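2 protein chains.
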Amino acid sequence: MRSKLAIKPATAAPIGIFDSGVGGLTVAKAILKQLPNERLIYLGDTARAPYGTKAGKTVARFAVECVNYLMQYKIKALVVACNTASAYALPALRERFGIPILGVIQPGSKRAAAETPNGSIGVIGTSATIHSGAYPKALRQLAPGIQVFTQACPLFVPLVEEGWIDNPVTHEVARIYLHELIAKRISSLILGCTHYPILKNVIAAICGSEVKIVDSAETVSQELSEVLAQRRLLQTKKRSHSSLQCLVTDIPDAFIRVGQRILGSELGSVRKVRVMEVT
Amino acid sequence: MRSKLAIKPATAAPIGIFDSGVGGLTVAKAILKQLPNERLIYLGDTARAPYGTKAGKTVARFAVECVNYLMQYKIKALVVACNTASAYALPALRERFGIPILGVIQPGSKRAAAETPNGSIGVIGTSATIHSGAYPKALRQLAPGIQVFTQACPLFVPLVEEGWIDNPVTHEVARIYLHELIAKRISSLILGCTHYPILKNVIAAICGSEVKIVDSAETVSQELSEVLAQRRLLQTKKRSHSSLQCLVTDIPDAFIRVGQRILGSELGSVRKVRVMEVT
């Protein structure tokens, strides 16, 4: 059996956030709002992004390599802010690293199930996330009577990264992807990819006001807050300004451009790092 | 100085083709047509694709790692069938590996310059390829009086991989990307990304019959044929059927689906391999 890395917990230690690219900043933003005293270290694997078009095993390997890199910062908890990595890598990460590790699928599913106890739920995400079946599995465990319909939307991420947020093309692509889900009369729609909240207005306009849009970022933050409190790991010392340090494996223009759009402010320093293979 | 790997030339040795993903099969197809007796080994770095959104240094590092892997097959020549890698990685590859190495930018530029000696040329490609300025540089060296206009088209690759070839959305995206180039009254348009020939009909319909569409696949094959002949490396032994072996670093559905569309036939075996870091 592989021995877990020994970590000394400390309330002052940072929280690690891992994502395939820039989309996870939607989760980082929610965590900064919920836990303003915490220090966040974000790692986006932009050199190998996107994950959503790739095989589960490959995604799990990449995730282990990235989190192994983050461990040098002695993070006290990890949020996997990428739906595809949450779908494929959580068991491997939990086996290897001895800190609390939260994904985004369970919190998003919990919220949707709570809000739609008897209805039917739609889930959209990358090809890999939808192919994994992770959302239907989580939702059916939470609310066995629920009906779940899924749809992969592979063009949403490149449209966001191209900055075509209000473009009529994006509206038309969303209409094509969503019309079957709408025909199923879903009550809620889970945005199962961290890029999708950026398209929330377009998606909501097509779905209509009767469909509740569920984004897991806020629920993950609440859950993280509870986990840290239970383990007495919450930072209580007040911080005068939010602390987010961004690390990336490649610096594409899109990271800065999309990142600033997500945070609604300057990103601050973004440092390129080299993530090594883990065997 | 780093010593080059010693390679024993042999006419029976295979030709290596390297691409970030599946698009380079458009080049492989042209080479199989031009040189039907040769054996091709294709490596697509699908685990880290696309390259076109990434930084030049990262692309160069990935290319060196992939070609280092291909060298174990004792390839007698290499075609870098990826415009982004051709734009950023040729010097590093030529310094390290002692075999003939051809990119796609020089041959595509040669053809366009020959066909448009006094006109103006448009170039479309990924963000990284356009950002590199490699096409304008190559074109101006070949025909100093020529005018060159460029346009990055980041959504074309995901549209091809989603299979939306004849979709009205793709037509509209192409119209948005191309309208400024058309307004410049270009005589030729270079398809500076190996995925784009799959969208040739859409692109040609928007450009109109007065714009010549230039795809480098055929010119690269001719140049490869000349290089092998000069070095007496051409395989003269007749082969009863074409030989293409595909290696990939990840097997996404899109590789099989898009690959078969490109080749117009079954892909045969596609084997997943692990490319290691090179320091």
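Same order as they appear, the protein sequences are chains H and Z.
Using my numbering, you'd call the opening residue of the first sequence number 485 and step up by one each time.
Using my numbering, you'd call the opening residue of the second sequence number 485 and step up by one each time.
All residues carry an ideal CB built from backbone N, CA and C; glycine is no exception.
Since the structure is predicted, the reported quantities are computational estimates derived from the model, not experimental observations.
Discussion item. Let me check understanding here. Comparing Cα to Cα, which of H:Gly692, H:Ile589 and H:Leu728 lies closest to alanine 667 (chain H)?
Written reply: H:Gly692
Worksheet item: So which residues of chain Z does arginine 532 (chain H) contact, with C-beta pairs closer than 8 Å?
Response: Ala531 and Arg532
Item to complete: Using a Cβ cut-off of 7 Å (strictly closer), state whether glutamine 744 (chain Z) contacts chain H.
Response: no
Practice prompt. Per DSSP, which residues does glutamine 631 (chain H) bridge with? Please list them.
Written response: For glutamine 631 (chain H), the beta-bridge partners assigned by DSSP are H:Ser604.
Discussion item. Does the structure place the region 699 to 713 of chain Z close enough to the region 616 to 633 of chain Z that three or more beta carbon pairs sit under 8 Å?
Written reply: no
Item to complete: Return the Cβ separation of leucine 708 (chain Z) and isoleucine 515 (chain Z) in integer angstroms, given the expectation that the two are a contact with Cβ distance under 8 Å.
Response: 6 Å
Fill in: C-beta neighbour in chain H for isoleucine 639 (chain Z), strict 7 Å
One point to set straight first is that residue 639 (chain Z) is leucine, not isoleucine, in the sequence displayed. For leucine 639 (chain Z), the answer is yes, since a Cβ of chain H falls inside 7 Å of its Cβ.
Practice prompt. Please confirm if the region 505 to 523 of chain H is in contact with the region 727 to 734 of chain H, defined as three or more CB-CB distances below 8 Å between the two stretches.
Written response: yes
Worksheet entry | Nearest neighbour of valine 759 (chain Z), chosen from Z:Arg532, Z:Ala496, Z:Tyr553 and Z:Val543 [CA to CA] | Looking only at Z:Arg532, Z:Ala496, Z:Tyr553 and Z:Val543, the smallest Cα-Cα distance to valine 759 (chain Z) is reached by Z:Tyr553.
Worksheet item: If you scan the region 540 to 579 of chain Z from start to end, which runs of the alpha helix (DSSP H) of 4 or more residues do you find wholly inside it?
Response: 540 to 554 and 567 to 572
Worksheet item: Candidates Z:Phe581, Z:Ala561, Z:Ala547 and Z:Ile614: which alpha carbon is nearest alanine 573 (chain Z)'s?
Response: Z:Ala547
Worksheet item: Going along chain Z, which residues have a C-beta under 7 Å from isoleucine 735 (chain H)?
Response: The answer, in chain order, is Ala539.
Practice prompt. Within its chain, find whatever has a CB closer than 6 Å to the CB of isoleucine 735 (chain Z); leave out the 5 residues flanking it on each side and keep chain order.
Written response: Taken in chain order, the residues that qualify are Lys756.
Worksheet item: Can at least three beta-carbon pairs, one atom from the region 612 to 629 of chain H and one from the region 679 to 692 of chain H, be found at a separation below 8 Å?
Response: Not touching, per the Cβ criterion.
Discussion item. Along the chain, where does the alpha helix (DSSP H) containing phenylalanine 739 (chain H) start, and where does it finish?
Written reply: From DSSP, the alpha helix (DSSP H) with phenylalanine 739 (chain H) extends over 737 to 747.
Item to complete: Give me whichever residues DSSP pairs with alanine 598 (chain Z) in a beta bridge.
Response: Its beta-bridge partners do not exist; DSSP assigns none.
Fill in: Status (buried if at least 16 other CB within 10 Å, exposed otherwise) for methionine 485 (chain Z)
With a pLDDT of 46 at methionine 485 (chain Z), under the threshold of 50, the modelled position of this residue cannot be trusted; read the value that follows with caution. The residue is exposed, with fewer than 16 neighbouring Cβ atoms inside 10 Å.
Worksheet entry | Closest Cα partner of valine 543 (chain Z) within the set Z:Pro638, Z:Ala561, Z:Ile605 and Z:Thr568 | Z:Thr568
Worksheet entry | Partner residues on chain H for threonine 542 (chain Z), Cβ-Cβ distance less than 7 Å | Among the residues of chain H, those whose CB is under 7 Å from the CB of threonine 542 (chain Z) are Ala531 and Asp734, following chain order.
Worksheet item: Under 7 Å Cβ-Cβ, which residues of chain H neighbour glutamate 646 (chain Z)?
Response: Pro638 and Leu639
Item to complete: Using alpha carbons as the reference points, say which of Z:Gln625, Z:Gly592 and Z:Val588 lies closest to isoleucine 674 (chain Z).
Response: Z:Gly592
Worksheet item: Mind checking whether valine 563 (chain H) and serine 570 (chain H) have CB atoms under 7 Å apart?
Response: no
Worksheet item: What residues of chain Z sit near valine 653 (chain H), judged by a beta carbon separation below 9 Å?
Response: Per Cβ cutoff of 9 Å: Leu639, Val653, Glu656, Val657 and Ile660.
Worksheet item: Roughly how many angstroms separate the alpha carbons of cysteine 425 (chain H) and alanine 596 (chain H), rounded to a whole number?
Response: In the structure as shown, chain H begins at 485 and stops at 763. Residue 425 (chain H) is therefore absent and cannot be evaluated.
Fill in: Cβ-based neighbour list, threonine 610 (chain H), same chain, cut-off 6 Å, excluding 5 preceding and 5 following
Cβ within range, chain order: Gly536, Thr568 and Cys677.
Worksheet entry | Short CB-CB distance (under 7 Å) between proline 620 (chain Z) and chain H | Closer than 7 Å: no.
Worksheet entry | Buried or exposed (CB count within 10 angstroms, at least 16 for buried), lysine 722 (chain Z) | exposed
Worksheet item: Grouping DSSP H, G and I as helix and E and B as strand, with all else coil, what is phenylalanine 502 (chain H)?
Response: If DSSP states are grouped into helix, strand and coil, phenylalanine 502 (chain H) belongs with the strands.
Item to complete: State yes or no: is the C-beta of threonine 720 (chain Z) nearer than 6 Å to some heavy atom of the ligand ADP?
Response: The ligand content of the structure shown is nil, which means the ligand ADP is not present either.
Worksheet item: Who are the neighbours of glutamate 441 (chain Z) on chain H, taking C-beta pairs under 8 Å?
Response: In this structure chain Z extends from 485 to 763, so residue 441 (chain Z) is not present and cannot be described.
Worksheet item: Checking contacts by CB at 7 Å: is proline 628 (chain H) closer than that to chain Z?
Response: no
Worksheet item: From glutamine 590 (chain Z) to valine 754 (chain H), what does the alpha carbon distance come to, in whole angstroms?
Response: 35 Å
Item to complete: Consider the Cβ of proline 642 (chain Z): report whether some Cβ of chain H lies at a distance smaller than 7 Å.
Response: yes
Discussion item. My output table needs one value for leucine 673 (chain H): the three-state DSSP class, helix, strand or coil.
Written reply: strand
Worksheet item: Who pairs with glutamine 518 (chain H) in a beta bridge, going by DSSP?
Response: Note: glutamine 518 (chain H) is not bridge-paired with any residue in the DSSP secondary-structure output.
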